[in-house]
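Peer 1:
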Amino acid sequence: MDNVNKILICRTEIQEMLGGISRTTFYYKRKEWEKEGTPFPAPDKNHQPIKGGGTLYRYREVMNFFKNKGYFDNCSM
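Using this note's numbering, read the sequence shown as starting at 1 and increasing by one per residue.
(1) Of all the options Ile-7, Asn-5, Arg-11, Lys-6, which has the alpha carbon lying nearest to the alpha carbon of Gly-52?
(2) Consult DSSP for Ile-7 and reduce its assignment to one of helix, strand or coil.
(3) Does the beta-carbon distance from Leu-8 to Tyr-71 come in below 9 Å?
(4) By Cβ distance, which residues of its chain are closer than 7 Å to Phe-66, with the 5 residues on each side in sequence left out?
(5) Which residue comes first and which comes last in the alpha helix (DSSP H) that contains Tyr-57?
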């Protein structure tokens, strides 16, 4: 385990960041990104999904993914 503190973000917050898309739409977007060769970051394996919030992801990996896809610029982060 690295010495850097991890900040986690839940699936529902990611959906909100993408314009309030549904869980199903998020699922299909992840499949689309995978087919494009830019898979969405894997869920954090050290934490269980939270009730009502869904799977947990590493915030930094999600933000880097969005930046690489062109969804955010440096000022947004």
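Positions of the beta carbon are idealized from the N, C-alpha and C atoms, including for glycine. Just so you know, these numbers come straight off a predicted model, no measurement behind them.
Peer 2: Here's the rundown:
(1) For the purposes of this step, residue 52 is identified with residue 52 of the sequence shown, where counting begins at 1. Ranking the options by Cα distance to Gly-52, first place goes to Arg-11.
(2) Within the sequence shown, numbered from 1, the residue matching residue 7 stands at position 7. Residue state, collapsed to three classes: coil.
(3) The residue given as residue 8 occupies position 8 in the sequence shown. The residue given as residue 71 occupies position 71 in the sequence shown. Cβ atoms of Leu-8 and Tyr-71: not closer than 9 Å.
(4) For the purposes of this step, residue 66 is identified with residue 66 of the sequence shown, where counting begins at 1. Contacts found: Phe-72.
(5) The sequence position of residue 57 within the sequence shown is 57, counting from 1. Here Tyr-57 belongs to no alpha helix (DSSP H); instead the beta strand (DSSP E) covers 56–58.
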